[in-house]
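Chemist: Following this message is one structure expressed as structure tokens.
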Amino acid sequence: MGCRRPGCKYPVVDGGQPLGRVDLAYPDAAVGIEYDSDGHRETFRADRRRDVAMAAAGWTILRFTPPDVLTTPDRTLAQVRAVLAHRAAGPT
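So for the sequence shown, the numbering used here puts the first residue at 1; every next one is plus one.
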């Protein structure tokens, strides 16, 4: 089963206020995906503040590392699919 194509470098906005940009996005589900490279330590705190602002705006941000994407891509994709399915199902 495939996964629909996400938007790339997607700007997240809340009430006209820019919150930041995510690497990949499914805007209809308000799900953003971030790829955290090895140099990520430099932006860790700023990224967490941005994640909180996006969560307050209703977005779910998924963060993956190189091993997630390169070593276990099937598991990573399954996790993305599960979140998209949960978001499509609505609140419980």
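Idealized CB from N, CA, C, for every residue including glycine.
Computed from a predicted model, the values in this text were never measured in an experiment.
Heavy atom of the ligand ATP less than 7 angstroms from the Cβ of L19, yes or no?
Modeler: Of the ligands one can find in the structure shown there are none, so the ligand ATP has no counterpart to examine.
Chemist: According to DSSP, simplified to helix, strand and coil, what is R5?
Modeler: R5 carries a coil assignment under DSSP once its states are collapsed to helix, strand and coil.
Chemist: What is the DSSP secondary structure of P18, reduced to helix, strand or coil?
Modeler: strand
Chemist: So, do the segment 22 to 30 and the segment 74 to 89 have three or more beta carbon pairs nearer to each other than 8 angstroms?
Modeler: Yes, the segment 22 to 30 is in contact with the segment 74 to 89.
Chemist: So T43 is in the beta strand (DSSP E); what residue range does that whole segment cover?
Modeler: For T43, there is no enclosing beta strand (DSSP E), as DSSP marks it with neither H nor E.
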